[in-house]
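Participant:
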């Protein structure tokens, strides 16, 4: 494995906080070396303290995976050793050898500007630069980047070393070859990259914020307790959306179902929150209702719909079994 790691693409995470450490674990777990770089100039004592904290968190996270049977406890030190903890004084050397950089400094434009000044200065011209920001648009940060065509935002979902999805947000100038290379590198460490434009909230945070806010409102209104809402989302909403994507779910049930439900809840709960989007209105007018009409957000022409429905059922049953909720058929009870 050491030889594989030495030959692997060189990754650098800039910012030794929680996100940087999670990214480092993800890369190291996949067999790659990664430098975890701290750009802040610190005293030797402060650096040693940060280094020890980072190392302890990395080893602790890997040990938790070992306790859950994901890896052997004996593998933890070797995986942790693939993470090189680099102080600010040595940052130029680490950055110079980077093929892919994950910037994860604090969420301010000032901090981003300072970080990219160093990345621009020390990274090679063909290094791919990314920001893990969760709140700043890719178009804003691109202005800080030398050769912005090699830049995009990369949003990881916590824990970064567990959740497979990584959201890639491109600006209009992002080179298609850079995007393709970034996707390939992410897939090589076991990630599932998804692509979106320069939109606030990416995909997952934008969707989950609506759900979480609505859940909080329901508790506030006394509609249901937190415990009942969590049970409903884990084994109802969440289970279904683990088997079917959100847009796929619209097609599967029918755009007309969502249209009518939106109309009812718009009238009874909140007209703004539950108003159907214009695209849904157009689909209703055009008769594109989803699976039942042969087209919706997806085109089902020529598709074996019976096989597709069985596949969806299999996915759902798989989630039920994983949750321990699937039961075999019961014997007939006595009248």
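Residue numbers (our numbering): 1374 to 1708. Even glycine gets a Cβ: it sits at the ideal position worked out from N, Cα and C.
Label residue 1377 either buried or exposed according to how many other C-beta atoms from any shown protein chain fall within 10 Å of its C-beta, with 16 as the threshold for buried.
Facilitator: Residue placement at residue 1377 cannot be trusted, given a pLDDT of 43 that sits under 50; what the coordinates show is reported in the next sentence. Looking at its Cβ environment, which holds fewer than 16 other Cβ atoms inside 10 Å, residue 1377 is exposed.
Participant: Tell me which same chain residues have a C-beta within less than 8 Å of the C-beta of residue 1537, skipping the five on either side of it?
Facilitator: Cβ neighbours of residue 1537 beyond the five flanking positions: 1563, 1564 and 1565.
Participant: State the beta-bridge partners of residue 1502 as determined by DSSP.
Facilitator: 1474 and 1524
Participant: Please report the distance separating the alpha-carbon of residue 1702 from that of residue 1674.
Facilitator: 36 Å
Participant: So, at 6 Å on beta carbons, what are the nonlocal neighbours of residue 1375 in its own chain, with the 5 sequence-adjacent residues on each side left out?
Facilitator: Any reading at residue 1375 is ruled out, since the residue's pLDDT is 41, under 50, leaving its predicted position unreliable.
Participant: Checking 7 Å against the spacing of the C-beta atoms, do residue 1455 and residue 1394 come in under that value?
Facilitator: no
Participant: Between 1488, 1494 and 1528, which lies nearest to residue 1507 when the distance is taken from Cα to Cα?
Facilitator: 1528
Participant: By DSSP's criteria, residue 1663 is part of a beta bridge. Which residues make up the other side?
Facilitator: Answer by DSSP bridge pairing, in chain order: 1668.
Participant: Measure from the alpha carbon of residue 1568 to the alpha carbon of each residue in 1561, 1652, 1514 and 1525, then state which is nearest.
Facilitator: 1525
Participant: Count the other CB atoms, across all protein chains shown, that sit within 10 Å of the CB of residue 1681; report buried if there are 16 or more and exposed otherwise.
Facilitator: exposed
Participant: Closest to residue 1652 by CA distance: which of 1639, 1670, 1543 and 1643 is it?
Facilitator: 1670
Participant: Going by CA-CA distance only, name the one from 1510, 1489 and 1665 that's closest to residue 1502.
Facilitator: 1489
Participant: Can you give me the C-alpha to C-alpha distance between residue 1439 and residue 1492, rounded to a whole angstrom?
Facilitator: Near 35 Å, if we compare the C-alpha coordinates of residue 1492 and residue 1439.
Participant: On the three-state DSSP scale, how would you describe residue 1569?
Facilitator: strand
Participant: Straight-line CA distance for residue 1598 to residue 1613?
Facilitator: 21 Å
Participant: Tell me which residue opens and which closes the beta strand (DSSP E) that residue 1458 is part of.
Facilitator: 1456-1459
Participant: What separation, rounded to the nearest whole angstrom, lies between the Cα atoms of residue 1510 and residue 1541?
Facilitator: 12 Å
Participant: With residue 1453 and residue 1401 assumed to form a contact (beta carbons below 8 Å), what rounded beta-carbon distance in angstroms separates them?
Facilitator: Your pair residue 1453 and residue 1401 checks out as a contact, with CB atoms roughly 7 Å apart and the cut at 8 Å.
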